[in-house]
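Peer 1: So that we are looking at the same thing, I have put the structure below in structure tokens.
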Amino acid sequence: MWVIAEQVRGDIPAVCLEIIGQARKLADDLGVPVEVVLLGNGISDQVDLLFFAGADLVHLGDAPEFDGYQSEIFT
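Residue numbers for the sequence shown follow this note's numbering, beginning at 51 and rising by one.
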């Protein structure tokens, strides 16, 4: 099960953590892992929080190109 997490100025909103928690419950029922994707700049310190919320695996894209929303990069 995949979750695309959002971050706002380097912080993950509480609603994203709640979604990961709900994904964890559903994934446990289905017997599948929870994988979270997080894109941003200077956000690697947020990874532990995603694991605490219920992620089994975090796919992190931490680069200056992800600083602020840029439609060409994010699509």
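Positions of the beta carbon are idealized from the N, C-alpha and C atoms, including for glycine.
Just so we're clear, the structure is a prediction, and the values are computed from it rather than from any experiment.
Keeping to the same chain, check which residues put their C-beta closer than 8 Å to that of residue 85; ignore five residues upstream and five downstream.
Peer 2: Taken in chain order, the residues that qualify are 51, 52, 53, 105, 106, 107, 108, 109.
Peer 1: What are the boundary residues of the beta strand (DSSP E) that residue 85 is part of?
Peer 2: Run containing residue 85: 85-90, per the beta strand (DSSP E) assignment.
Peer 1: Can you tell me whether DSSP reads residue 62 as helix, strand or coil?
Peer 2: Residue 62: coil per DSSP, three-state reduction.
Peer 1: Take residue 94 and list the residues in its own chain whose beta-carbon comes closer than 7 Å to its own, dropping the five residues that flank it on each side.
Peer 2: If we look at residue 94 and ignore the five residues flanking it on each side, its Cβ neighbours are 110, 112.
Peer 1: When the distance is taken between beta carbons, is residue 99 closer than 9 Å to residue 76?
Peer 2: In this structure, residue 99 does not lie closer than 9 Å to residue 76 by Cβ.
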